[in-house]
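Single-structure report; data block below.
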Amino acid sequence: MSDKIEEILSEVEEFAINTKEEVESFRLKFLSKKGKLTAIFSELKNIAPEERKAFGQKVNELKLKAEVKWKNALNELSDSSDDKSSDLDLTLPGEPIKLGSAHPVTIIRNQIVDIFNRIGYNVAEGPEIEDDWHNFTALNFPPEHPARDMQDTFFMENLDGTALRTHTSSVQVRVMQQGQPPIRVISPGRVYRNEAISARAHCLFHQVEGLYIDKGVSFADLKQTLLYFAREMFGENSQIRLRPSYFPFTEPSAEMDVSCNICGGEGCNICKQTGWLEIMGCGMVDPDVLKNCGIDAEIYSGFAFGMGIERIAMLKYGIKDLRLFFENDVRFLEQFHNPD
Ligand code: DAH
């Protein structure tokens, strides 16, 4: 009898399993009800009682070998389309989904809009492809005037004067044309300039424009509004200062600086040792601009201001290269999160 076991053992060992069909014929030949192992188990009753234990052990070993060989072959040869659902643990928690984060320009834009919303400003938007009148002429840039060179423009070929807007001030004009004061709007959006791309300049960037027109609006209102903005944006201890400047559409015009939030005004390399950071242009809307847009300059007055969103983001986050905003490198972007 043990010869028989040896014989089956070598048959099991020599049986080559290379295909799925052979896996099944192996099972049928040795492990099924009609297989050789079942048959040899049934011999047990014919064995002399004193030899039964040893015989039983040998047949069990043989059976184990055959089963291991069969299971291994089954695993190896079953392809991925086979149903492996029995191996799945459906109670395991899922893979966490990686959440995206808002772009820093979006985060800062929303903060600026929020700050002005709280004092009654609404968002107004305008087209990025703009005609000469809204981008320049209505804003007191006379034709051929050198002030137009302040902003290098991308003109549309064959479309006289039509251009990618160089600033969001064009939206002021559209808003004033559309309705009478009181007007309180904030206009965020993309602007374009024909500039060589560098760490400090780009052909595409974002601005926010503000406009307030009503009866009796004064320069003091402008100053107080900008102080409020600076403190909301850069912290409650922020100070501002206004320096005389020139823009064709405001009179008087000013440049606003905020005290450096990095060094607290002591002087550092971000503020170039001055303690101040230049943030925006502003001024009282020139009466000629009001007239151009259909608003009675004898009754109404107002102020306007404009700032670069990337510039604010660079100052808030300590970013040194403007190009980072446009490269969309996830390693850069994932560092920014909306404040709760
Ligand atoms: N439009 C100006 C620029 O692009 C920024 C600006 C300055 C806007 C003064 C204003 C303003 O509304 O009053 O540089």
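Residues 22 to 361 (my numbering) make up the sequence shown, in order.
Using N, Cα and C, we set each Cβ at its ideal position, and we do this for glycine too.
{"query": "Report the start-end ranges of each alpha helix (DSSP H) in the region 26-95 that is 4 residues or longer and not cut off at the edges.", "result": "41-47, 57-63"}
{"query": "G285 to D278, Cα distance in whole Å?", "result": "13 Å"}
{"query": "Note down, in chain order, each residue of its chain lying with its Cβ closer than 7 Å to the Cβ of M301, except the 5 sequence neighbours on either side.", "result": "M277, F326, G327, M328"}
{"query": "CA-CA distance, K119 and L354?", "result": "14 Å"}
{"query": "Which of the three DSSP states, helix, strand or coil, is assigned to Y142?", "result": "coil"}
{"query": "Between which two residues does the beta strand (DSSP E) containing A334 stretch?", "result": "Unbroken run through A334 is the alpha helix (DSSP H), 330-338; no beta strand (DSSP E)."}
{"query": "Does the beta-carbon of G302, which I'm using as the reference point, lie nearer than 7 Å to any heavy atom of the ligand DAH?", "result": "yes"}
{"query": "What are the boundary residues of the beta strand (DSSP E) that includes F268?", "result": "261-268"}
{"query": "With distance defined between alpha-carbon atoms, name the residue in N215, I140, F51 nearest to T246.", "result": "I140"}
{"query": "Quick one, which of W297, S274, I291, G288 has its alpha-carbon nearest S280's?", "result": "W297"}
{"query": "Three-state secondary structure (DSSP) at Q228?", "result": "strand"}
{"query": "Using CA coordinates, which residue listed in N93, G200, M177, T271 is at the minimum distance from D309?", "result": "T271"}
{"query": "Contact between the region 109-126 and the region 53-61: three or more CB pairs below 8 Å?", "result": "no"}
{"query": "For A75 and V89, I'd like the C-alpha separation in whole angstroms.", "result": "21 Å"}
{"query": "Cβ of Q228 within 7 Å of any heavy atom in the ligand DAH?", "result": "yes"}
{"query": "Report whether the distance from the Cβ of G147 to the nearest heavy atom of the ligand DAH is below 7 Å.", "result": "no"}
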